[in-house]
Structures are given as C-alpha cells and as structure tokens.
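Here the sequence shown is numbered in my numbering, starting from 11 and rising by one per residue. Beta carbons are placed, not taken as given, at the ideal position from N, Cα and C, and that holds for glycine.
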Amino acid sequence: MKANFYIESQQFCYAFENYKIEEINGIRYVIPEKNAKQRVSTSSERMNEFTINLLNIGKKAYYNEKIEDIEILDYVRNFGLFGFMADFPINRYFILDDNVALRDYNFIIYKDYVSVIKIEDYLKMFMPKLNDTQITNLIKKCIDNIKPTIMEKYLTPELNEWLIFSKDYAEPVDMIIQYAKLIYDHLVDVLENRHLLRNIPILNINNLSNSIDSLQNGQIILKYNYLKQAIDLNFMIQLSQDTIMLKICKFCHKAFIAANSKAEYDTPQCKNKANVYSFRKRAQEE
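Shown next, in the form of structure tokens:
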C-alpha cells in the first residue's frame, strides 16, 4: 500500500538571529546572544539544506577533521538549535513529571540503555545559566499554565516556547557534533550496505504530529516540532527511496543530493580533481 506524505513545520519553530559559544560549568554551549531577536526558523522547503549542511559537519567529525566554531555558529544562525531537550525524553510532557526517562540514544551518557534523571537536573543541562530558584519557577510556570482541560494539540507548542525556544535554552557543542557524526556514519553504512535491513534507533522519531487531508486523496501530513525532528524525518525519507539520491562524493566525501542517479561527485571540480589523481596514479604505475 502506498500513501502520499506531505511534510511541513509547525508555525512555532523558532531560532534567534545571533548565537555564541560560551563555556559554562566546564561545558561549551551554543546559546543565544543576550539581545538576539527571535524569528521563525525551519520550513519544509529547506529540509534538504539543513540535512546536507549538518551531514557535512558530521563528515568532518567522522574523518577527525577540525570543526571550527564558526561552522557550528553559522549553522544555528541559519536553522536554529536542534531541540535535543524535547527529543530525548520518553515521557513526552516531561516538564510535568518529577523524573525524565531518556531513550537510548540521548548523547548525554553515551550508553545504550534507558536512564532516568530528575527534572531539575535535566533542565540544568540545557538551561545552564538558570539557578535553582529560576529552574523551580520555570517548572511551576509550566505546571500552573497547563490546565487539565487544555487540548493536547496546544500543549506541545506552548511548552516548547517556554523550553527549547526560550532565550535561556542552550545545547552543548559536543552534543551537536556527536549527532552530526552519527547521521553521517549511518549514511556511509547505508550506501555501503544497501541490501541489509537495519534499525536506526536515532530515527525513531518522537512526538511527530500528523493529520489526514481527505480532500487531497488521503494525503498524510507530518508536522515536525523542532529541527532535529525535521532532519531525522528527511534523512529517513531520503534513505528509503528505491533510488537513493542522497550520496557521498567519491573525492571530497561530502554529502549531496544528486541531480541524477549516476552522479558520483558533488561538483565538477571534484570530478576533475579525481580524474587528474587517477591519471597520475596510472602514470606512476606504468
């Protein structure tokens, strides 16, 4: 059975116009600059762009190449932070609970089992500049303002605005790089072992909203709530195609979306350089 899928972002996906990298409690964080203005960020038209750009940060980590801070900052200025805090918990409305249950791939403890952490400690990981009183007040604000009778479709956007789209929200640089490296690693594995059936736990997308538009031939609409959700979704769709157009350049190893199925290089320059190197190698052998 086949279905038509349409992907779009919720209207409350936000980013800030400027970010900085700051060391807090021994951890280097990406955090919005103090007076940075908030703006609407992700859109379905840019899904390939923010997936490819992240893969190519991951490519550098995969090959142990140096990743400059400006590369991370340019990425988040364009697309925003990833929303890791909302993505890792198994309990969807974790802010309303005493403890947070984390799914296996959470980039926090780097171990493949479910962990439980107190809500206060979890918030401090991603809001490192808030003190204990401010954390307590944030939790109280969320609980007090979420009425028991509120419709669930309004609950996620409201909580996200106070949490992952807040000016106090930050993400560790190492966490971003670890995520980028992992999806690049998966891309390498899929392209090298296409025939194998695989489970990619990081792509078990949490809390994805959906609806059905019966006026458009039963079209299923998937709505992502934050950047990581969109990347995981786009990455999974790219790898599920009969002909995978998401490729890795044979010369520079960068990820790219090919214009045709036979493409092996991301640019004519890479193709030319590969031909030159191949010619020189043959000449030396002769």
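Through-space distance from residue j to residue i, alpha-carbon basis
i           : j           : result
residue 263 : residue 197 : 11 Å
residue 298 : residue 113 : Since the first residue shown for the chain is 11 and the last is 296, residue 298 is missing from the structure and cannot be characterised.
residue 298 : residue 218 : The structure shown does not extend to residue 298, since the chain spans only 11 to 296, so no value can be given for it.
residue 204 : residue 244 : 18 Å
residue 127 : residue 135 : 11 Å
residue 280 : residue 258 : 12 Å
residue 91  : residue 97  : 12 Å
residue 131 : residue 64  : 28 Å
residue 85  : residue 171 : 21 Å
residue 166 : residue 148 : 16 Å
residue 153 : residue 231 : 30 Å
residue 151 : residue 164 : 16 Å
Identity of the residue in the options nearest residue i by Cα
i           : options            : result
residue 284 : 260, 234, 25, 239  : 260
residue 71  : 272, 186, 156      : 186
residue 138 : 270, 173, 255      : 173
residue 270 : 277, 278, 131, 255 : 255
residue 28  : 39, 43, 34, 38     : 43
residue 236 : 84, 175, 258       : 175
residue 169 : 142, 103, 147, 78  : 103
residue 101 : 282, 125, 252, 66  : 125
residue 59  : 95, 38, 89         : 89
residue 83  : 251, 55, 41        : 41
Pair within 7 Å by beta-carbon distance, residue i and residue j
i           : j           : result
residue 215 : residue 242 : yes
residue 238 : residue 93  : yes
residue 53  : residue 25  : no
residue 62  : residue 190 : no
residue 194 : residue 47  : no
residue 118 : residue 133 : no
residue 79  : residue 31  : yes
residue 249 : residue 286 : no
Proximity test, Cβ basis, 7 Å: residue i and chain E
i          : result
residue 54 : Structure shown: chain E not included; a single protein chain is present.
Buried versus exposed, by CB contacts within 10 Å (16 or more), residue i
i           : result
residue 240 : buried
residue 11  : The predicted position of residue 11 is uncertain, since its pLDDT is 48 and thus under 50; a value taken from the coordinates is nonetheless stated next. Per the 10 Å Cβ criterion, exposed.
residue 276 : buried
residue 115 : buried
residue 74  : exposed
residue 67  : buried
_Segment contact, 8 Å Cβ cut-off, at least three pairs: the region 100-112 with the region 180-190_ = Under the Cβ criterion (8 Å, minimum of three pairs), the region 100-112 does not count as touching the region 180-190.
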